[in-house]
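Numbering (my numbering), first residue to last: 10 to 431.
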C-alpha cells in the first residue's frame, strides 16, 4: 500500500512538472550571469534601496510574457513572423537587429562569466573554460532534438536555488532590513540602475524565446494545432500558459530579490560599492560571507549560464530566421534548418570571441541591460499591436485585464527609459 501511494505521488509530481515549460525556463533564463551581475551591482551600490524593483517588475513580466505566449499559441507562429504581417518589414528588421546585437553582447558577458566561475572552482584558464562552455551549449542545441533538450533546460532552472541557499548561508538580518529599508534617493545614478534592473528583468530576448517555445511545443505534439484552427482547446491552453508563466516570473524575481539582498547585506554592508562581474561578486563573498556562500554563488553562475546561453542564441536565431522567411526549429536537424543553425552558431561564436577582447566586462554588461530597457519599449508596443490585431488573433484578440496590464507594462518601461534622457 505505501508503495502504491508513493507511486501515485511520483506520478502526480511528474504530471505537475510536465505542465511547466516555456514560462518556467524563460523566467529562470532571465537570471543569467549578466542579470546576476546587474542585480549584484545594484545591491552593492544602493544597498536595500532598490529591492522594491524585484517586486514591481513581477506583474510587468507576467503580463508581457503571457501576451507573447498567447500570440504564438493562437497563431502557431513566432513573434517576428507575426510582426511582419502587421508592421513594415524594415521596422521589424531594425528591432530584430537591435535584439541580435544586444543578445551577442549578453552572450559574451554570460560565457565570460561561466569561464571565470569555472576557473575559480578548478584553477583552469578562464578563457579556455569559457570556450568549452560555449562549445558544449552549442553542440547540445544543434544535435539534441527539442523534445529531449527541453527537459535539460527545465532541470537547469533548479540551479537558481543556489542563490537562495547563498542568502541562507550568509544570514540575512531580516529585522534590520524591515527597520531600515527605504527606497533609494532619486538621482541620475538611481535612474540608470532602475533602467538596468528593468532592462535585465523585462528583456526583449525573453519575448521571442517564450513565443518560440510555445510553437516548438505545439509542433512536438502530433495532436496539437494552433488555437485559430482548434479554438476548443483555448481555455485549457490559456490556463496552462497562465500558471506556467506566473510560476516562471515569480520564481525569477524571487531569485533576483535574494541576489540583490545578498549583495546589499554582505558587500554594501562591508563598504564595497562596486563590482565588475558576477564572478567578482562571488570572489568578494568569500572573505565576507564565507567560502560556502562563495562556492554556491559560483555554481549558480555556471548553472544559469548553461541555461541562458541557448536562450540568448536561440532567440536571436528564431527572430532572424523568421524575418528572413526561413524555417527554424530546435526540433529540426542541421540539414533541415541550415539558416537557423548558422545564425545560432554565429551568435554563439561572436559572443565567445568578445570574451577574448580587452573589454571591461561589467561596463559592457551593465549598459547592455540599460539598452535592453530602451529597446524593450518599441518591441512591447509592437507586441501589443499584434495581440490587438483581429487579422492575427481572430476571436482571441487581446482584451480585458491582460490588455490593461500589457499597456501599463509598456508605459512603465517607456517612463523608465525616458527618465535617462531628462
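Just so you know, even glycine gets a beta-carbon here, dropped at the ideal spot from N, CA and C.
Quick caveat: nothing in here was measured; it's all calculated off a predicted structure.
Same chain only: Cβ atoms within 7 Å of residue i, ignoring 5 sequence neighbours per side
i	result
residue 359	113
residue 86	224
residue 425	203, 204, 207, 382
residue 36	257, 258, 260, 261
residue 71	254, 255, 258
residue 493	Examination of residue 493 is not possible in this model, given that the chain is present from 10 through 431 alone.
residue 130	307
residue 139	120, 121, 123, 124, 361, 364
Contacting residues, own chain, Cβ-Cβ under 6 Å from residue i (five flanking each side not counted)
i	result
residue 417	none
residue 378	47, 205, 208, 209
residue 20	A caution first: residue 20 carries a pLDDT of 46, below 50, which makes its placement in the model unreliable, though a value can still be read off. There are no such residues.
residue 432	Not covered by the structure: residue 432. The range shown for the chain is 10 to 431.
residue 331	87, 89, 90
residue 348	330, 335
residue 320	38, 218
residue 423	386
residue 212	381
residue 407	396, 397
Host alpha helix (DSSP H) of residue i (start-end)
i	result
residue 163	155-165
residue 300	300-332
residue 141	135-152
residue 253	243-271
residue 50	42-55
residue 223	213-229
residue 427	409-428
residue 68	62-84
residue 111	98-131
residue 95	88-95
residue 345	Looking at the DSSP string, residue 345 is not in any alpha helix (DSSP H), and its letter there is neither H nor E.
residue 198	197-210
residue 175	170-179
residue 187	183-189
residue 339	Counting along the chain, residue 339 falls outside any alpha helix (DSSP H), and DSSP gives it neither H nor E.
residue 34	31-38
residue 400	399-402
Proximity of residue i and residue j at Cβ, strictly below 8 Å
i	j	result
residue 291	residue 306	yes
residue 419	residue 251	no
residue 80	residue 326	no
residue 166	residue 34	yes
residue 62	residue 276	no
residue 169	residue 403	no
residue 324	residue 159	no
residue 108	residue 328	yes
residue 173	residue 64	no
residue 388	residue 104	yes
residue 304	residue 176	no
residue 171	residue 309	yes
residue 384	residue 151	no
residue 82	residue 245	no
residue 69	residue 421	yes
Status (buried if at least 16 other CB within 10 Å, exposed otherwise) for residue i
i	result
residue 145	exposed
residue 135	buried
residue 219	buried
residue 392	buried
residue 137	exposed
residue 196	exposed
residue 283	exposed
residue 216	buried
residue 73	buried
residue 289	buried
residue 302	buried
residue 120	buried
residue 188	exposed
residue 191	exposed
residue 106	exposed
residue 430	exposed
Rounded Cβ spacing between residue i and residue j (contact assumed at less than 8 Å)
i	j	result
residue 364	residue 124	7 Å
residue 101	residue 84	That belief does not hold up - the Cβ atoms of residue 101 and residue 84 are roughly 15 Å apart, past 8 Å.
residue 361	residue 143	4 Å
residue 336	residue 154	Contact flag wrong, Cβ pair sits at about 15 Å.
residue 269	residue 67	Their Cβ separation, rounded to whole angstroms, is 14 Å, which puts residue 269 and residue 67 out of contact at 8 Å.
residue 92	residue 357	24 Å between Cβ atoms; not a contact.
residue 318	residue 116	6 Å
residue 229	residue 156	5 Å
residue 58	residue 193	3 Å
residue 240	residue 118	Contact flag wrong, Cβ pair sits at about 43 Å.
residue 338	residue 351	About 14 Å separates the two Cβ atoms, so there is no contact after all.
Cβ shell of residue i (< 8 Å), same chain only, five flanking positions each side left out
i	result
residue 400	94, 95
residue 413	none
residue 234	85, 227, 242
residue 316	34, 37, 38, 41, 162, 165, 166, 168
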